[in-house]
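Novice: Just so you know, the protein sequences line up as chains A and B, in that order.
Just remember that our numbering sits 5 ahead of the position in the first sequence, which is counted from 1.
Just remember that our numbering sits 949 ahead of the position in the second sequence, which is counted from 1.
Note that CB positions come from ideal geometry on N, CA and C, so glycine has one too.
Please read all numbers here as calculations on a predicted model, not as lab measurements.
Just passing along the structure, written as structure tokens.
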Amino acid sequence: MTAIKRRIPAVALVALAMVVAACGGGGADTTVGADTTTAAAVTTAAADTTAGADTTVAADTTVAAETTVAAETTVAAEGPVTISAADSITGAFVGKCTTNPVFPQANDGAVEAAGELGSEPTELLGPADCADTTAGIDIVTNAVTQQVDVIMVSNNAGDQLGPAAAAAQEAGIPVVTWDSPIPSAEGESVYIAPADLSGAGQVMAEMARSILGEEGGQMAILSATPEAANQNIWIASLEELLATPEYENIELVDTVYGNDVPQDSQDRAEELLENPDLDLIMAPTTVGIVAAAQVVTQADECDRVKVSGLGVSTEMRDYTLSGCAPEFALWSFPDLGYLSYYVGYGLATGQIEAEAGQQFVAGRLGEYTIEEDPGRDAGLRVLLGPIKKFNADNIDS
Amino acid sequence: MREWARNHRWEVLLVGLLIATTAINIAITPVYLGVGNFINLFGLSVEKIIVAVVMAFVIINGEIDLSVASVMGFSAAVMAALYVGGDVPFVVCVAIAIAAGATAGLLQGLVVIRFGLPSLVVTLAGLIGFRGAARVLLEDTAVGDFPEWFDRLGQQPLLGPLPLAMVIFIVELTIAWIILERGSFGRKVYAIGNSAEVARFAGIGVTGVKLKIFVTSGLVAGLAGVLFAARVGSVRGDLAQFFELDIITIVLLGGVSIFGGSGSMLGVALAIFTVLNIRNGMGLTNVDGLIQTGVIGLLLIGSVLIPNLVQKARQRRSTPAIAHAPP
């Protein structure tokens, strides 16, 4: 009896907090304007920590059209600038954290670019924990004190990085965001975007066809959370393609959600395996694809059910070589880091300007154009390019 | 002087640590000694140290408040939600947000006092509950575009090179020092921390003191949440998440006993300078994030372990007869 009595206050406290919250939440909902919602969608992407890859969210289907217009109107007359070695500079290269393998990979690309441009190799800065979202603010602020020449940052703090980035700009230091932008674009010179929105759906459809072959088969999707904005956009574009005659042999039988938690994802994958006619699990998340590959391998079902989707090459290597996940895709993080460094170097040495229409050549990656970012109300972006497919032939390269 | 040093061994140790870290910082990075860097050194953690000063009172009083970071997030979320609502002048949003922090402290204090529950449990519930409330209020949105005067207060110098939050911190630290070490309230705080039972028999209004401290803790956390929002210019549901760890680390490193009853404002101030100094040095020399976390963790363990070991050793030396006496 006393035990129960004693628990009441704690329960009441939480309940009260929830009630207060719920009332306030209702009020906020009804009044959020259209522009707030847009900013929020982008922020969700910036806050996403699992894939490190899930980035440009809020864009819509008019992307391509807008982009072309923006690019055409301001094309510089003299053509692309080849960014080349001038002064040796120091750059701060900041990931969302140091423990997710994609960020060290991106830094490898930046180091490669720094070498080509005769500059100090970058070292990956960032907190140990990707959940430490405000660490990037401290790192950017310290980089200004260190008087670096350029800051390249995968933003994990949403608009909260804005003031720190603006302070860097004020000190004459360009701020290049990569992987994840500053939604408001405050203080940001240009954003290096890993992929376009519809791209991932297209690539997944192609991989499904190449794995299942002419005769086709049954496919199930293992996604992140039901609310994950990026995944939902990719799945929608994948479903759209599956409805076309080109992919009519592929039947989408189920879409399940592992919440980007390894255990949940494995449980969902096991349930999917119970379907005797299933041929392919498609996981548009780096957590889900590993979980699915593990489950199928452990169940010794690799001959019957294949795994594909978006994954990190170091995590997928064994499953690709074993034939369980013969093909998967992801934008190349080394390339993303490489391009970010080229753009940062070009801005820091004054070879290029952060304005729409600026064309340039970035080493081995070739020609790019800075354009208005269709995913945000403000801001400029450079689009890295096509998503890279990995298979047994290229996974070790 | 020697007498003082003998009674303040921990503070002397911290001064040594502070001098050592400063010397190392000067040696390893030329940019350390700049006005701008000193402003950053404090500015990047100013909200945490504002809360830490009050946390010292909470812990000396024999309690703990794990909810401070969640209350920071909750208050900022209240402010943001009201601002998005649009009908309330922004100054009022700020006032309500800080009042919400105080209310959070009041609620938790009442539960601790009225029902005799350990503050560890109650404020752990607060940590979860108020963070949840902040997330429910803002869902996945980020609220920004606050009035210009608000951003300016958070991001621009107000007094010389000092922004508002640092002015507040300096004033707060001074007031806290006077109250804790020069006033009757401070003596009550120590007495209750040593033994609430004895304090009660001595006629001290234990519940009143405890409640005042919890309300202040909530109020200051609310203020700190608003200041953080002004510094970074936008609010999300995860604002200030996990800050409680750094805050409690600073207080314990300051020589405040986790069991209550002892500690000094000077120690807390020295611990603040030391921790921020170490962080700044590691940041400026690009020390790996994992190592940075590890160093702060070691500091926390050391600050709890070393005084305990010293005390035990001293007890063994001074009272061998009692320690080995038959029952």
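Compare the C-beta of Cys-5(A) against all C-beta atoms of chain B and say whether one is closer than 8 Å.
Specialist: A query on residue 5(A) cannot be resolved here, the shown segment of chain A reaching from 6 to 402 and no further.
Novice: Along chain A, which residues have their Cβ under 8 Å away from the Cβ of Phe-1191(B)?
Specialist: By one-based count along the second sequence, residue 1191(B) stands at place 242. Ala-136, Asp-137, listed in chain order.
Novice: Put Phe-1023(B) into one of helix, strand or coil per three-state DSSP.
Specialist: Walking along the second sequence from the start, residue 1023(B) turns up at place 74. Helix, per DSSP.
Novice: Ala-330(A) to Gly-368(A), Cα distance in whole Å?
Specialist: The residue you call residue 330(A) lines up with position 325 of the first sequence. The residue you call residue 368(A) lines up with position 363 of the first sequence. C-alpha separation (whole angstroms): 32 Å.
Novice: Could you compute how far the alpha carbon of Leu-1056(B) sits from the alpha carbon of Ile-375(A)?
Specialist: By 1-based counting over the second sequence, the position of residue 1056(B) is 107. By 1-based counting over the first sequence, the position of residue 375(A) is 370. Cα to Cα, Leu-1056(B) sits roughly 54 Å from Ile-375(A).
Novice: Would you say Leu-993(B) reaches chain A, if we count a Cβ-Cβ gap shorter than 8 Å as a contact?
Specialist: Locating residue 993(B) in the second sequence gives position 44, counting from the first residue. Cβ-Cβ to chain A under 8 Å: yes for Leu-993(B).
Novice: Using the C-alpha atoms, what's the distance from Thr-1165(B) back to Thr-41(A)?
Specialist: Within the first sequence, the letter at position 36 stands for residue 41(A). Within the second sequence, the letter at position 216 stands for residue 1165(B). In this predicted model, Thr-41(A) has a pLDDT of only 33, less than 50, meaning its place in the structure is not dependable; the value taken from the coordinates is given anyway. The alpha-carbon atoms of Thr-41(A) and Thr-1165(B) are separated by roughly 34 Å.
Novice: What did DSSP end up calling Val-181(A) once you bin it into helix, strand or coil?
Specialist: Position 176 of the first sequence, counted from the first residue, corresponds to residue 181(A). Assigned with DSSP and collapsed to three states, Val-181(A) falls in strand.
Novice: Please specify which runs of the alpha helix (DSSP H), each continuous and at least 4 residues long, are wholly inside the region 266-338 of chain A, giving them in chain order.
Specialist: Entirely contained in the region 266-338 of chain A, the alpha helix (DSSP H) runs reaching 4 residues are, in chain order, 267-278, 291-303, 318-326.
Novice: Look at the alpha carbon of Arg-309(A) and the alpha carbon of Asp-284(A), and state the distance between them as a whole number of angstroms.
Specialist: The residue labelled residue 309(A) in the question sits at position 304 within the first sequence. The residue labelled residue 284(A) in the question sits at position 279 within the first sequence. Counting only the Cα atoms, Asp-284(A) lies some 6 Å from Arg-309(A).
Novice: Looking only at its own chain, which residues have a Cβ that is under 8 Å from the Cβ of Ala-1278(B), when we skip the five neighbours before and after it?
Specialist: Lying before the first or after the last residue shown, residue 1278(B) is absent from chain B, which here runs from 950 to 1276.
Novice: Under a three-way DSSP split, which group does Asp-259(A) fall into?
Specialist: What you label residue 259(A) is simply residue 254 of the first sequence in a count that begins at 1. Correct three-state label for Asp-259(A): strand.
Novice: With the cut-off set at 8 Å, would you say Gly-1204(B) and Trp-959(B) are in Cβ contact?
Specialist: For the purposes of this step, residue 1204(B) is taken as the residue at position 255 of the second sequence. For the purposes of this step, residue 959(B) is taken as the residue at position 10 of the second sequence. In contact: Gly-1204(B) and Trp-959(B) (Cβ atoms closer than 8 Å).
Novice: Does the region 269-280 of chain A touch the region 235-243 of chain A, meaning 3 or more C-beta pairs lie closer than 8 Å?
Specialist: Judged by Cβ distances under 8 Å, the region 235-243 of chain A makes no contact with the region 269-280 of chain A, as fewer than three pairs qualify.
Novice: Using a threshold of 8 Å, state whether the C-beta atoms of Glu-1121(B) and Ile-1240(B) are closer than that.
Specialist: Translated into positions along the second sequence, residue 1121(B) becomes position 172. Translated into positions along the second sequence, residue 1240(B) becomes position 291. No, they are not a contact pair.
Novice: Taking the C-alpha atoms as reference points, what is the distance between Thr-49(A) and Ile-1009(B)?
Specialist: For the purposes of this step, residue 49(A) is taken as residue 44 along the first sequence, with counting starting at 1. For the purposes of this step, residue 1009(B) is taken as residue 60 along the second sequence, with counting starting at 1. Residue confidence is low: Thr-49(A) scores 36 on pLDDT, short of 50, so the model does not pin down where it sits. Its coordinate-derived value is still stated next. Those two C-alpha atoms are separated by around 40 Å.
Novice: Which residues bound the beta strand (DSSP E) around Tyr-196(A)?
Specialist: Against the first sequence, residue 196(A) aligns to sequence position 191. Its beta strand (DSSP E) spans residues 195-198.
Novice: Would Arg-1131(B) be called buried (16 or more neighbouring beta carbons within 10 Å of its own) or exposed?
Specialist: Stepping through the second sequence from its first residue, residue 1131(B) is reached at position 182. So Arg-1131(B) ends up on the exposed side.
Novice: Relative to the C-alpha of Ile-1077(B), which candidate in Leu-1194(B), Val-1020(B), Val-1092(B), Glu-1088(B) has its C-alpha closest?
Specialist: The residue labelled residue 1077(B) in the question sits at position 128 within the second sequence. Taking only the C-alpha atoms, the option nearest Ile-1077(B) is Val-1020(B).
Novice: For Gln-1057(B), does the three-state DSSP call read helix, strand or coil?
Specialist: The count along the second sequence starts at 1 and reaches residue 1057(B) at position 108. Gln-1057(B): helix per DSSP, three-state reduction.
Novice: Mind pulling the chain A residues with CB within less than 8 Å of Gly-1232(B)?
Specialist: The residue labelled residue 1232(B) in the question sits at position 283 within the second sequence. Those within 8 Å of Gly-1232(B) in chain A are Asp-143, Ile-144, Asn-147.
Novice: Who are the near neighbours of Leu-1248(B) in its chain, counting only those whose CB is closer than 6 Å to its CB and skipping five residues on each side?
Specialist: Within the second sequence, residue 1248(B) is the residue found at index 299, counting from 1. Correct list, in chain order: Leu-1202.
Novice: Cβ atoms of Gly-314(A) and Met-287(A): under 8 Å apart, would you say?
Specialist: In the first sequence, residue 287(A) corresponds to position 282, counting from 1. In the first sequence, residue 314(A) corresponds to position 309, counting from 1. Remark: C-beta atoms of Met-287(A) and Gly-314(A) approach each other more closely than 8 Å.
Novice: Figure out for me which residue from Arg-386(A), Glu-253(A), Asn-399(A) has the closest Cα to the Cα of Arg-418(A).
Specialist: Nothing about residue 418(A) can be read from this structure; chain A reaches only from 6 to 402.
Novice: Residue range of the alpha helix (DSSP H) that Val-1037(B) falls in?
Specialist: Locating residue 1037(B) in the second sequence gives position 88, where the first residue counts as 1. First-last for Val-1037(B): undefined, no H or E at that position.
Novice: Quick one: list the residues of chain B neighbouring Ser-189(A), beta-carbon separation under 7 Å, in chain order.
Specialist: Working through the first sequence from its first residue, we reach residue 189(A) at position 184. Going along chain B in sequence order, the residues near Ser-189(A) (Cβ under 7 Å) are Gly-1093.
Novice: What are the boundary residues of the alpha helix (DSSP H) that Asn-1257(B) is part of?
Specialist: The residue given as residue 1257(B) occupies position 308 in the second sequence. Looking at the DSSP string, the run of the alpha helix (DSSP H) that includes Asn-1257(B) is 1238-1267.
Novice: Listed from N- to C-terminal order along the chain, which residues in the region 1131-1163 of chain B have their beta-carbon within a distance smaller than 9 Å of any beta-carbon of chain A?
Specialist: none
Novice: For Asp-1187(B), go through chain A and note every residue whose CB falls closer than 7 Å to its CB, in chain order.
Specialist: Along the second sequence, read from residue 1 onward, the residue named residue 1187(B) stands at position 238. The contacting residues are Thr-138.
Novice: Arg-1263(B) touches chain A at which residues, Cβ-Cβ below 8 Å?
Specialist: For the purposes of this step, residue 1263(B) is identified with residue 314 of the second sequence, where counting begins at 1. Within 8 Å Cβ-Cβ: nothing; Arg-1263(B) doesn't reach chain A, min ~37 Å.
Novice: Quick check: the region 213-233 of chain A against the region 250-261 of chain A, are there 3 or more CB pairs under 8 Å?
Specialist: Cβ pair count under 8 Å is three or more, so yes.
Novice: Work out the CA separation of Ala-1145(B) and Ile-1127(B) for me, nearest whole Å.
Specialist: For the purposes of this step, residue 1127(B) is taken as residue 178 along the second sequence, with counting starting at 1. For the purposes of this step, residue 1145(B) is taken as residue 196 along the second sequence, with counting starting at 1. Going from the Cα of Ile-1127(B) to the Cα of Ala-1145(B) covers about 23 Å.
Novice: Out of curiosity, what's the CA-to-CA distance linking Gly-96(A) and Asn-986(B)?
Specialist: Residue 96(A) sits at position 91 when you count from the first residue of the first sequence. Residue 986(B) sits at position 37 when you count from the first residue of the second sequence. Using only the alpha carbons, I get a separation of about 19 Å.
Novice: Are Met-224(A) and Leu-257(A) closer than 8 Å when you measure CB to CB?
Specialist: To locate residue 224(A), count along the first sequence from 1; it is residue 219. To locate residue 257(A), count along the first sequence from 1; it is residue 252. Yes. Within cutoff.
Novice: Measuring alpha carbon to alpha carbon, tell me which residue in Cys-307(A), Glu-306(A), Ser-318(A), Pro-281(A) is nearest Val-292(A).
Specialist: For the purposes of this step, residue 292(A) is identified with residue 287 of the first sequence, where counting begins at 1. Selected option, being the one with the closest Cα: Ser-318(A).
Novice: Could you tell me whether any Cβ in chain B is nearer than 8 Å to the Cβ of Ala-133(A)?
Specialist: Along the first sequence, read from residue 1 onward, the residue named residue 133(A) stands at position 128. Chain B, which has a Cβ nearer than 8 Å to the Cβ of Ala-133(A), makes this yes.
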